[in-house]
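Numbering (my numbering), first residue to last: 15 to 309.
Heads up, the thing below is written out as structure tokens.
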């Protein structure tokens with residue numbers, strides 16, 4: 015079984031890495047490249063092509079290394095859906111009439127005024143993707159519990175099952191948003207994805223994390239060199255897939271703890287600049303700048 019797990023992880027890493035490069039070339043060759051050009055924090059013109067490329071490659075890699083078909087479906091749903099709504103926000107959110115709504119509070123205020131912003135579409139999409147993926151993971155756990163192959167193996171009541179799914183959905187959607195909050199400098203979100211995903215590699219669900227880790231590693235040099243950027247599409251997909259991997263290996267207590275930490279960090283981001291904290295903390299500053307193009 016251990017050899018099989020190692021094989022699944024290697025397969026997922028390879029699929030994620032190889033497909034990331036191929037998908038990036040495919041996106042760059044498409045007729046939509048002009049719509050994906052953005053100006054980064056240093057004033058350089060950069061393409062958002064890495065976002066959809068990462069979403070497709072990481073989701074496929076995670077599915078290739080998943081321990082079961084429902085878990086593979088959860089990865090595909092979370093990764094591709096999050097990438098799609100993130101891409102919608104990247105493209106539509108760049109329009110002048112969309113730029114007035116800033117942050118979660120701004121999008122909610124716009125909704126109260128009767129305006130549906132691209133940010134609201136993304137928030138709803140991330141929530142729906144997280145809920146669907148968590149439900150698939152729960153169905154998989156119940157099936158393994160029924161045939162005696164689950165390590166957790168105890169059925170919970172209907173209320174407990176609903177709570178578990180909601181916690182899983184919160185972890186998946188919350189991690190998607192958290193990684194997106196880090197995508198403010200070249201390579202930062204991808205580095206965070208690799209650092210978060212590596213501890214999730216061991217165990218029977220490690221293949222779910224291996225796909226996004228492989229894709230993130232493959233795209234990191236181009237991101238650091240400021241040739242591409244993830245945008246909401248790539249950052250949301252990367253975070254959502256890591257959320258699936260985390261939810262798949264934890265029960266209600268673990269999910270609740272993870273969700274509490276994610277919520278605390280998200281709330282802190284409304285008050286404190288993550289970029290400023292990183293810049294003022296020596297170890298984080300050096301790690302953040304590692305490999306990045308100099309001014």
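All residues carry an ideal CB built from backbone N, CA and C; glycine is no exception.
Hey, residue i and residue j: beta-carbon distance below 8 Å or not?
i           : j           : result
residue 151 : residue 88  : yes
residue 301 : residue 205 : yes
residue 100 : residue 275 : no
residue 213 : residue 252 : no
residue 221 : residue 80  : yes
residue 254 : residue 96  : yes
residue 38  : residue 244 : no
residue 31  : residue 219 : no
residue 84  : residue 154 : yes
residue 58  : residue 240 : yes
For the putative contact between residue i and residue j, defined by C-beta atoms under 8 Å, what is the C-beta separation to the nearest angstrom?
i           : j           : result
residue 203 : residue 26  : 20 Å between Cβ atoms; not a contact.
residue 188 : residue 277 : 7 Å
residue 183 : residue 141 : 7 Å
residue 270 : residue 260 : Their Cβ separation, rounded to whole angstroms, is 12 Å, which puts residue 270 and residue 260 out of contact at 8 Å.
residue 22  : residue 71  : Contact doesn't hold; Cβ gap of about 17 Å is too wide.
residue 147 : residue 186 : 5 Å
residue 107 : residue 133 : 6 Å
residue 94  : residue 73  : 5 Å
Classify residue i as helix, strand or coil using the three-state DSSP reduction.
i           : result
residue 286 : coil
residue 131 : coil
residue 219 : coil
residue 65  : helix
residue 299 : helix
residue 163 : Note that residue 163 scores 49 on pLDDT, short of 50, meaning its location in the model is unreliable and no value can be drawn from it.
residue 305 : coil
residue 96  : helix
residue 273 : helix
residue 79  : helix
residue 197 : coil
residue 144 : helix
residue 107 : coil
From the beta carbon of residue i, is the nearest beta carbon of chain B less than 8 Å away?
i           : result
residue 300 : Annotation note: the requested chain B is absent from the structure, which comprises a single protein chain.
Can you grab the Cα-Cα spacing for the pair residue i / residue j, in whole Å?
i           : j           : result
residue 338 : residue 256 : With the chain represented from 15 up to 309, any question about residue 338 goes unanswered, as that position is not in the structure.
residue 207 : residue 173 : 33 Å
residue 306 : residue 293 : 14 Å
residue 144 : residue 77  : 16 Å
residue 156 : residue 66  : 33 Å
residue 295 : residue 209 : 17 Å
residue 266 : residue 92  : 19 Å
residue 51  : residue 62  : 6 Å
residue 247 : residue 102 : 8 Å
residue 215 : residue 263 : 10 Å
residue 236 : residue 242 : 6 Å
residue 131 : residue 105 : 12 Å
residue 199 : residue 55  : 7 Å
residue 137 : residue 280 : 14 Å
residue 211 : residue 258 : 11 Å
residue 45  : residue 290 : 38 Å
When every heavy atom of the ligand FMN is checked, does at least one fall within less than 7 Å of the C-beta of residue i?
i           : result
residue 183 : This structure lacks the ligand FMN, and indeed carries no ligand of any kind.
| Could you give the uninterrupted runs of the alpha helix (DSSP H) lying entirely in the stretch 16-60, keeping only those of 4 residues or more? | Runs of the alpha helix (DSSP H) lying entirely within the stretch 16-60, each at least 4 residues long, are 16-42 in chain order.
| In chain order, which alpha helix (DSSP H) runs of at least 4 residues are fully inside the stretch 211-271? | DSSP runs (the alpha helix (DSSP H)) wholly in the stretch 211-271: 220-238 and 245-262.
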